[in-house]
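Undergrad: Okay, here's the structure, questions in a sec.
Protein chains in written order, with full-length UniProt numbering: chain V, 1 to 307; chain X, 1 to 307.
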């Protein structure tokens, strides 16, 4: 298959492109940091808002797209206009261009659990929880979920929206993501360093390893869309884990003391990223998506891919 | 209250502005046909996509907005770019401008049952039916429902989205609405003319009289938003009526024969506009919105406002 991946030099993108190449696909990657796109892919450097770049990516045909490029949550709050330009306008243009190229390409869209909003129902989230985003990022992602459904219903594309939970463990350094603390915990404990976690140990997250996430994207490229809800959108299965339990498991697997972690809650940050209620995702499971299975497996997977 | 009404010269807009003026409000109306805006309102002529016009409308303060201006369904299918420009971009700009003006204004958004999509579940539609639009119009309206929820959750505006069913009876003539046949039936029978209905008599619509619709907008301006769902969006209560029953009731009230109506179904049109399943709208009723009560009352109301 000829597959275009936007954000191909990003954290999830690199893992996904490696898998797609290993399966013999012809991959065109787009990224502002083209050097980060895995070797073997056709690498296009630039901003996904660039019309010329979009046309170049689609030239020569395209059976499927995976749209990962985004202005992430923290950056979108700081610069809502940039989020609107990239997360709405550029993506809408890309969907229209992909549709105009013909062949009703599979369009896999990386949405986010941020579409669900704050506060989440304490009793739990399931496939019937209404979307009521509060973050700019979540709002724009949710708007484009609707666009994917509409263009799919019109037969212009064959869309699949997957809502990503926290993906572990991202590289260290500025990512524009306020949820970076979840990943930084892995880096600190693997290095035997102390870590100040901005939540209580009881704080709960929804998480998936990057390897499992990339597998889910591979699945999204070929899954039967008749198994999806009418919205074409599924919340990916994730494990609900307390930060305390995750710290203990990471420490155990790294052979260090969980005492390296001190807990200094930032109430606002914990409310936004560490107060996730029980999650059930029957729609995604029905369509063949999966989580990591256990906390131990998630941690082992995340540690094995730590950069 | 200082209230800005976009599309104030349109069918629903004129009825609404009349009511708002009668209640002593200070109304600024925007319309491409400013001459159609009822006397007594400050009338601004122009396209809602015009930034200068938006600023002018908001200058001098604004407690609430009712956003009716739209590229309607048929026109949006013909010109999706115009729909994107007006139904998404211009509205997004307007919400941001209204928010920036401060005071967290009430923002009442006229959405549409087109957000629900095709085909609708045969067993019926309720407040949990997922949005899966097929029309460009419905897709764009649904995208902006999300934006209203997001900006409301952020405290930037105090949003209320009402999804309009078929509103009866629109003036004769080109409206850009494919559903015009529902209204044209009223005009024909009142004039004692024969009418060819492009559906079977068994075709079902969801309808509301324009007077009831205007009352619902007045209610939306002051209703308690804590009574609304987290999405801030409600499908307005509507009567589900068969075209045959409606024709008989109109004929009865006009003193003409229902035999004036002949039925020549256009299967595609009937599938789109005449196949509405049972509808329940507990969320809207909980928040105080209402339908016309009975078919006879709806028809009487629509006939009394026929232009």
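Each residue gets a CB set at the ideal place from its N, CA and C atoms; glycine is no exception.
Quantities reported herein were computed from a predicted structural model and do not represent experimental measurements.
Quick check on the burial criterion: 16 or more other C-beta atoms within 10 angstroms. Buried or exposed for residue 232 (chain V)?
TA: Here residue 232 (chain V) corresponds to residue number 232 of the first chain, with the count starting at 1. Result: buried.
Undergrad: Does DSSP classify residue 213 (chain V) as helix, strand or coil?
TA: Translated into the one-based positions of the first chain, residue 213 (chain V) becomes position 213. Looking at residue 213 (chain V) - three-state DSSP - the assignment turns out to be helix.
Undergrad: Given 8 Å as the limit, is there contact between the region 207 to 227 of chain V and the region 140 to 150 of chain V, that is, 3 or more CB pairs closer than that?
TA: no
Undergrad: Keeping to the same chain, check which residues put their C-beta closer than 8 Å to that of residue 131 (chain V); ignore five residues upstream and five downstream.
TA: Start at 1 with the first residue of the first chain, and residue 131 (chain V) comes out as number 131. So the qualifying residues of the chain are 115, 116, 117, 142, 145.
Undergrad: Enumerate in chain order the residues of its own chain whose CB-to-CB distance from residue 94 (chain V) is below 6 Å, with the five nearest sequence positions on each side excluded.
TA: Numbered from 1 along the first chain, position 94 holds the residue referred to as residue 94 (chain V). For residue 94 (chain V), where only same-chain residues beyond five positions count, the Cβ hits under 6 Å are 54.
Undergrad: Quick one: what's got a C-beta closer than 6 Å to residue 273 (chain X)'s C-beta in the same chain, skipping five residues either side?
TA: One-based indexing of the second chain puts residue 273 (chain X) at position 273. Excluding positions up to five away in sequence, the list reads 179.
Undergrad: Across the region 100 to 114 of chain V and the region 150 to 158 of chain V, are there enough close Cβ pairs to call them in contact, namely three or more that are closer than 8 Å?
TA: Yes: the two stretches touch, three or more of their Cβ pairs being nearer than 8 Å.
Undergrad: Could you name the residues of chain V that residue 150 (chain X) contacts, counting a contact when the two beta carbons are closer than 9 Å?
TA: Your numbering for residue 150 (chain X) matches position 150 in the second chain. Chain V residues near residue 150 (chain X): 117, 132, 133, 134, 135, 136, 138, 139, 140, 142, 143.
Undergrad: Taking Cβ positions only, does residue 154 (chain V) come closer than 8 Å to chain X?
TA: Within the first chain, the letter at position 154 stands for residue 154 (chain V). It does; some Cβ of chain X falls within 8 Å.
Undergrad: Could you tell me the boundaries of the alpha helix (DSSP H) in which residue 139 (chain V) lies?
TA: Taking the first chain and counting its residues from 1, the one referred to as residue 139 (chain V) is at position 139. It spans 136 to 153 - the alpha helix (DSSP H) in which residue 139 (chain V) sits, taken as one unbroken run.
Undergrad: Kindly identify the DSSP beta-bridge partner or partners of residue 2 (chain V).
TA: If you number the first chain from 1, residue 2 (chain V) lands on position 2. The partner list for residue 2 (chain V) (beta bridge, DSSP) reads V:26.
Undergrad: Starting from residue 168 (chain X), trace the beta strand (DSSP E) in both directions and tell me its first and last residue.
TA: To locate residue 168 (chain X), count along the second chain from 1; it is residue 168. Taken as a continuous stretch (DSSP letters only), the beta strand (DSSP E) holding residue 168 (chain X) covers 166 to 168.
Undergrad: Taking 8 Å as the threshold, find out whether the region 183 to 197 of chain V comes into contact with the region 122 to 139 of chain V through three or more Cβ pairs.
TA: no
Undergrad: For the region 269 to 289 of chain V against the region 6 to 20 of chain X, are there 3 or more C-beta pairs whose distance is under 8 Å?
TA: no
Undergrad: Cα-Cα, which of X:227, X:163, X:287 is closest to residue 208 (chain X)?
TA: Stepping through the second chain from its first residue, residue 208 (chain X) is reached at position 208. Answer by Cα proximity: X:163.
Undergrad: Can you pull out the residues from the region 205 to 237 of chain V whose beta carbon lies closer than 7 Å to at least one beta carbon of chain X?
TA: For the region 205 to 237 of chain V, residues whose beta-carbon sits nearer than 7 Å to a beta-carbon of chain X comprise 229, 230, 231.
Undergrad: Pull up the DSSP beta-bridge partners for residue 233 (chain V), would you.
TA: Sequence index remark: in the first chain, residue 233 (chain V) carries index 233 (1-based). Paired residues: V:161.
Undergrad: Using a C-beta cutoff of 8 Å, does residue 36 (chain V) count as contacting chain X?
TA: Residue mapping note: residue 36 (chain V) aligns to position 36 of the first chain, counting from 1. With 8 Å as the cut-off, residue 36 (chain V) does not count as an interface residue toward chain X.
Undergrad: Excluding sequence positions up to five away, which residues of its chain have a Cβ less than 7 Å from the Cβ of residue 214 (chain V)?
TA: Residue numbering aside, residue 214 (chain V) sits at position 214 when the first chain is read from its first letter. 12, 15, 16, 19.
Undergrad: Along the beta strand (DSSP E) that carries residue 295 (chain V), what are the first and last residues, could you check?
TA: In the first chain, counting from the first residue as 1, residue 295 (chain V) sits at position 295. Counting along the chain, residue 295 (chain V) falls outside any beta strand (DSSP E), though it belongs to the alpha helix (DSSP H) covering 295 to 304.
Undergrad: Relative to the C-alpha of residue 97 (chain X), which residue among X:267, X:183, X:52 is closest?
TA: As a working note, residue 97 (chain X) is residue 97 in the second chain. Ranking X:267, X:183, X:52 by Cα distance to residue 97 (chain X) puts X:52 first.
Undergrad: Measure the beta-carbon distance from residue 161 (chain V) to residue 83 (chain V) and round it to whole angstroms, keeping in mind my assumption that it falls under 8 Å.
TA: Locating residue 161 (chain V) in the first chain gives position 161, where the first residue counts as 1. Locating residue 83 (chain V) in the first chain gives position 83, where the first residue counts as 1. Actually they are not in contact, since the Cβ atoms of residue 161 (chain V) and residue 83 (chain V) sit about 18 Å apart, beyond 8 Å.
Undergrad: Within the 8 Å Cβ cut-off, does residue 128 (chain X) reach chain V?
TA: In the second chain, residue 128 (chain X) corresponds to position 128, counting from 1. Residue-level contact check: residue 128 (chain X) touches chain V, since one or more beta carbons of chain V fall below 8 Å from its beta carbon.
Undergrad: Count the other CB atoms within 10 Å of the CB of residue 249 (chain X); is the residue buried (16 or more) or exposed (fewer)?
TA: Here residue 249 (chain X) is taken as the residue at index 249 of the second chain, counted from 1. Flag for residue 249 (chain X) reads buried.
Undergrad: Roughly how many whole angstroms lie between the Cα atoms of residue 62 (chain V) and residue 70 (chain V)?
TA: Translated into positions along the first chain, residue 62 (chain V) becomes position 62. Translated into positions along the first chain, residue 70 (chain V) becomes position 70. Cα to Cα, residue 62 (chain V) sits roughly 21 Å from residue 70 (chain V).
Undergrad: For a contact defined as C-beta to C-beta under 7 Å, what are the partners of residue 147 (chain V) on chain X?
TA: Start at 1 with the first residue of the first chain, and residue 147 (chain V) comes out as number 147. By Cβ distance, chain X contributes 139, 143.
Undergrad: Assign residue 28 (chain X) to one of two classes, buried (16 or more other C-beta atoms within 10 Å of its C-beta) or exposed (fewer than that).
TA: Taking the second chain and counting its residues from 1, the one referred to as residue 28 (chain X) is at position 28. Residue 28 (chain X) should be labelled buried.
Undergrad: Please classify residue 204 (chain X) as buried or exposed, where buried requires at least 16 neighbouring CB atoms within 10 angstroms.
TA: Taking the second chain and counting its residues from 1, the one referred to as residue 204 (chain X) is at position 204. Result: buried.
Undergrad: Looking only at C-alpha atoms, which of X:201, X:287, X:304 sits nearest to residue 171 (chain X)?
TA: On the second chain, residue 171 (chain X) is found 171 positions in, with the first residue counted as 1. The shortest CA-to-CA distance from residue 171 (chain X) to any of X:201, X:287, X:304 is the one to X:304.
Undergrad: From the DSSP output, read off the bridge partner residues of residue 351 (chain V).
TA: Limits of chain V in this structure are 1 at one end and 307 at the other, which puts residue 351 (chain V) out of reach.
Undergrad: Whole-angstrom Cβ separation of residue 86 (chain V) and residue 48 (chain V), contact assumed at under 8 Å?
TA: Position 86 of the first chain, counted from the start, is the residue given in the question as residue 86 (chain V). Position 48 of the first chain, counted from the start, is the residue given in the question as residue 48 (chain V). Indeed, because the Cβ distance is near 6 Å, the residues count as touching under 8 Å.
Undergrad: Whose C-beta lies closer than 7 Å to the C-beta of residue 186 (chain V) among residues of the same chain, with five residues either side of it excluded?
TA: Along the first chain, read from residue 1 onward, the residue named residue 186 (chain V) stands at position 186. Closer than 7 Å at the Cβ level, and outside the excluded window around residue 186 (chain V), lie 168, 169, 250, 302, 303, 306.
Undergrad: Which class does residue 195 (chain V) belong to by DSSP, given the choice of helix, strand or coil?
TA: Counting from one through the first chain, the residue named residue 195 (chain V) turns up at place 195. Strand, per DSSP.
Undergrad: Counting only the same chain and skipping the five closest in sequence on each side, list residues whose C-beta sits under 7 Å from that of residue 284 (chain X).
TA: Position 284 of the second chain, counted from the first residue, corresponds to residue 284 (chain X). 234, 235, 236, 237, listed in sequence order.
Undergrad: Helix, strand or coil: how does DSSP classify residue 205 (chain X) here?
TA: One-based indexing of the second chain puts residue 205 (chain X) at position 205. It is a strand residue.
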